[in-house]
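Single-structure report; data block below.
Numbering (the working numbering), first residue to last: 342 to 806.
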């Protein structure tokens, strides 16, 4: 007896497995916040964090808040300080004071990397440190492991730290720049822990001098191939090639002589465009767009388009694949609705997202590039007639029915953490004939099944018992 026809899930961000919601909850500025758990941004006014610049947050795969930080303190999902969550070595006036990275192949441990600032306190001497949060502590609310707090890696540092996936899709590169050098450090985080021997790349401009030179964001493109960083006081943006197999940084290119100090920086989800926000510009802060596929660096510079005037803070892509923009002292965020489109088609909205009475400062949460889901190439589809799978649950052997519009297809199975488990090209028999799929060799658990054909993607859960 067939089960009822399955209702297929809308793939909001290109594919369901990439629609992980770890970046769903943002806390920043003066007690400001946003939640994307329901798909659309909603003001979060229950946060305990106040920061001028740096901050980070992390949620579960399903979008439930786990914890957030300013680089000095950590609050749990109940907005209460973790018992051992104070006295970290970041600084709320550091551009990217904190970065949260889940330990590869571990569901409960999170590495919190912190960067202090050059302008205040110790002049950047605390540098890059990490602490480990165990979410199994404090009855599931999490806490910093006592013996894994403020582990020192290197110093002094610029106010930059970001992360992207290794080419193996599992391990994570932690990237930062050393102050008074042109050294970009790449630390590898694996299931065994952090490799304290960094890949050191002497590439690009030596960053030294006035304190503003250390400020500005560093980001990695969603496909992990390009690094961009803003050197605020030097009025430059640098672009590099990144090899995520080796940690190598090469081919430094400079966008020079920018009006105002570049601060916020972000890639379009399709990797083709770069957005830069400037501050401290007497002629007006500017939001700029550059076409990274225009040609050489001179062509990229010539492609500059002024998206908007009056924004001066961080840029951050959200789970909806739109870019949100901070403005110091504002009760709203601005937004780029179509960041993959060049020129005015990117659809910039000034001060369009209310913060519910709270106030933005310069910073927005710092996320690894891989947490934000990539834009897919397939049409988003809901169907109750085009595809049917039965029985479900099953023993790994099931029947797939498709209509006459579906012939050649790719079937992919992912675990619930988004890891590809099995993939195969199949020739499907159309006209509602049955197709037998046998994956009985897989573990007995739940999977996400994607059926990709033409410009359509169908998705549902598969249960093997």
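Quick reminder that beta carbons are idealized off the backbone N, C-alpha and C, glycines included.
Tell me, to the nearest whole angstrom, how far the beta carbon of residue i is from that of residue j; I am working on the premise that it is less than 8 Å.
{"i": "residue 472", "j": "residue 490", "result": "5 Å"}
{"i": "residue 532", "j": "residue 610", "result": "Wrong, their Cβ atoms sit about 28 Å apart, outside the cutoff."}
{"i": "residue 578", "j": "residue 599", "result": "7 Å"}
{"i": "residue 418", "j": "residue 478", "result": "With a Cβ gap of about 13 Å, residue 418 and residue 478 do not count as contacting."}
Can you tell which of the options has its C-alpha closest to the C-alpha of residue i?
{"i": "residue 456", "options": "479, 417, 429 and 366", "result": "429"}
{"i": "residue 633", "options": "542, 443 and 681", "result": "681"}
{"i": "residue 677", "options": "702, 419, 698 and 650", "result": "650"}
{"i": "residue 511", "options": "534, 499, 620 and 520", "result": "534"}
{"i": "residue 635", "options": "513, 732 and 643", "result": "643"}
{"i": "residue 781", "options": "515, 664, 803 and 767", "result": "803"}
{"i": "residue 612", "options": "764, 626 and 631", "result": "631"}
{"i": "residue 374", "options": "549, 730 and 667", "result": "667"}
{"i": "residue 544", "options": "550, 556, 527 and 536", "result": "527"}
{"i": "residue 591", "options": "597, 581 and 585", "result": "581"}
{"i": "residue 480", "options": "765, 423 and 696", "result": "423"}
{"i": "residue 407", "options": "474, 751, 438 and 384", "result": "474"}
{"i": "residue 537", "options": "506, 469 and 546", "result": "469"}
Pick helix, strand or coil for residue i, following the three-state DSSP scheme.
{"i": "residue 809", "result": "Only positions 342 to 806 of the chain appear in the structure, and residue 809 is not among them; the question remains open."}
{"i": "residue 545", "result": "strand"}
{"i": "residue 489", "result": "helix"}
{"i": "residue 791", "result": "strand"}
{"i": "residue 719", "result": "Here residue 719 scores only 37 on pLDDT, less than 50, and its place in the model should not be relied on; the value that follows carries that caveat. Note: residue 719 maps to coil in three-state DSSP."}
{"i": "residue 683", "result": "coil"}
{"i": "residue 742", "result": "strand"}
{"i": "residue 553", "result": "helix"}
{"i": "residue 310", "result": "Outside the displayed range of the chain (342 to 806) lies residue 310, so it cannot be described from this structure."}
{"i": "residue 753", "result": "strand"}
Using C-beta distances below 7 Å, list every residue in its chain close to residue i, excluding the 5 sequence neighbours before and after it, in chain order.
{"i": "residue 762", "result": "754, 755, 756, 783 and 788"}
{"i": "residue 652", "result": "618, 626, 628, 666, 668 and 675"}
{"i": "residue 377", "result": "365, 659, 660 and 661"}
{"i": "residue 690", "result": "675, 676 and 678"}
{"i": "residue 413", "result": "429, 431, 432 and 433"}
Starting from residue i, trace the alpha helix (DSSP H) both ways and give me its first and last residue.
{"i": "residue 643", "result": "638-643"}
Residues in its own chain within less than 8 Å of residue i by CB, not counting five upstream and five downstream?
{"i": "residue 738", "result": "777, 778, 779, 780 and 781"}
{"i": "residue 566", "result": "582, 583, 585 and 612"}
{"i": "residue 606", "result": "557, 558, 559, 560, 569, 570, 571, 578, 615, 616, 617, 618 and 656"}
Which two residues bound the contiguous beta strand (DSSP E) that contains residue i?
{"i": "residue 529", "result": "522-531"}
{"i": "residue 582", "result": "577-584"}
{"i": "residue 513", "result": "513-519"}
{"i": "residue 603", "result": "602-608"}
{"i": "residue 691", "result": "689-695"}
{"i": "residue 587", "result": "Note, residue 587: premise wrong, no beta strand (DSSP E); not H, not E."}
{"i": "residue 559", "result": "559-561"}
{"i": "residue 366", "result": "366-369"}
{"i": "residue 568", "result": "567-572"}
Kindly list the residues whose CB is nearer than 6 Å to the CB of residue i, restricted to its own chain and excluding five residues on each side of it in sequence; keep chain order.
{"i": "residue 380", "result": "none"}
{"i": "residue 441", "result": "397, 399, 451 and 453"}
{"i": "residue 702", "result": "370, 393 and 669"}
{"i": "residue 499", "result": "518, 520, 548 and 555"}
{"i": "residue 708", "result": "364"}
{"i": "residue 516", "result": "503 and 527"}
{"i": "residue 493", "result": "470"}
Would you say residue i lies against chain D (beta-carbon separation less than 7 Å)?
{"i": "residue 679", "result": "The chain inventory of the structure shown lacks chain D, comprising one protein chain alone."}
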